[in-house]
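Each residue of the sequence shown is one higher than the one before, starting from 867 at the first, in the working numbering. Using N, Cα and C, we set each Cβ at its ideal position, and we do this for glycine too. Contents: one structure, followed by commentary.
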Amino acid sequence: YVCYMIGELGPGAAPATEALAGLLADGDEKTQSEAAFALAEIGPDAAAAVPALTTALGSEGPVCFAASYALGRIGKKAIKAKPALLAQLKGDESMALVSAWALAHIHPECPTCQEKALPVLIAGLDDSSAEFRSEAASGICCFGAAAEGAVEKLKKALNDPDEEVREAAAAALKAIDK
867 YVCYMIGELG PGAAPATEAL AGLLADGDEK TQSEAAFALA EIGPDAAAAV
917 PALTTALGSE GPVCFAASYA LGRIGKKAIK AKPALLAQLK GDESMALVSA
967 WALAHIHPEC PTCQEKALPV LIAGLDDSSA EFRSEAASGI CCFGAAAEGA
1017 VEKLKKALND PDEEVREAAA AALKAIDK
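Below you can see the structure in the form of C-alpha cells.
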C-alpha cells in the first residue's frame, strides 16, 4: 500500500525513486509490481530507476509487465532499456504489446523500433481487451507519419464499442495525418 500511495503523488514522489528501485529486488512479487507502478507514476523523474527496471524485465508475469510499463512512462530517459524491451517483443502476446507501447514512448523515431514494435501495436488493435486496444492505438500515435501502415486498422477502430479506443484511434490517425 505504501508503494501505491507514493505513486499517487506522481512526479512529486521523485525523491522516493531510489527506495522504490530497491524494492524491485524484494522477494515479494506484489511489492515489486507496486514499486514499478509507483515509478511509472513518477514518470521521467524516475530515470534513475531504469537499470533496476531493466533488470526486472527478466522477471516473470506481472513484475515484468509493470517494469515495461514503467519504462514507457519514463519515456526517452529510459533509452538504455531499449535492447531489453526489443527482446520482449518475441515473448508472450500481452508482454510484447506493453513492450511495444514502451518502445513507442521511448524511441519512436528509431527505425528498428518502427520495424519491430509497430506491427505488434497494429496487431494489438484486435486484442480482446479494450484497455490493450486503446494502449495499442496510443502507442501507434507516438510514431506519427511512420505508422502509415496502421491507417486501415485505425479507421476500423473508430467504430470500436469502447470510447477510449475510438478516441485513441482518432488521435493516432491525426498524428499520422490521415
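- Excluding its 5 nearest sequence neighbours in each direction, LEU890 has C-beta neighbours in its own chain below 6 Å: GLN898, ALA901, ALA918 and ALA922, listed in chain order.
- Taken in chain order, no unbroken stretch of beta strand (DSSP E) lies wholly in the stretch 943-981 with a span of 3 residues or more.
- Around the beta carbon of PRO877, fewer than 16 other beta carbons lie within 10 angstroms, which makes this residue exposed.
- Here ALA953 is exposed, its C-beta having fewer than 16 other C-beta atoms within 10 Å.
- The three-state reading of DSSP puts SER1004 in helix, counting H, G and I together.
- With 16 or more other Cβ atoms inside 10 Å of its own Cβ, LEU984 counts as buried.
- DSSP, reduced to helix, strand and coil, places SER925 outside both helices and strands of the structure shown, so it counts as coil.
- Taking the C-beta atoms as reference points, ALA996 is found nearer than 8 Å to VAL1031.
- Only residues of its own chain outside the window of five on either side were considered, and among them GLU900, ALA901 and ALA904 have a CB closer than 6 Å to the CB of CYS869, listed in chain order.
- Your pair ALA915 and THR883 checks out as a contact, with CB atoms roughly 5 Å apart and the cut at 8 Å.
- DSSP places PRO881 within a helical segment (H, G or I) once states are collapsed to three.
- Judged by DSSP in its simplified three-state form, PHE1009 adopts coil rather than helix or strand.
- For the 8 Å CB-CB criterion, ALA1038 and ALA1012 do not form a contact.
- For GLY873, the enclosing alpha helix (DSSP H) begins and ends at 868-874.
- Cβ contact annotation for LEU951 (same chain, cutoff 6 Å, sequence separation greater than five): SER965, ALA968 and LEU969, in chain order.
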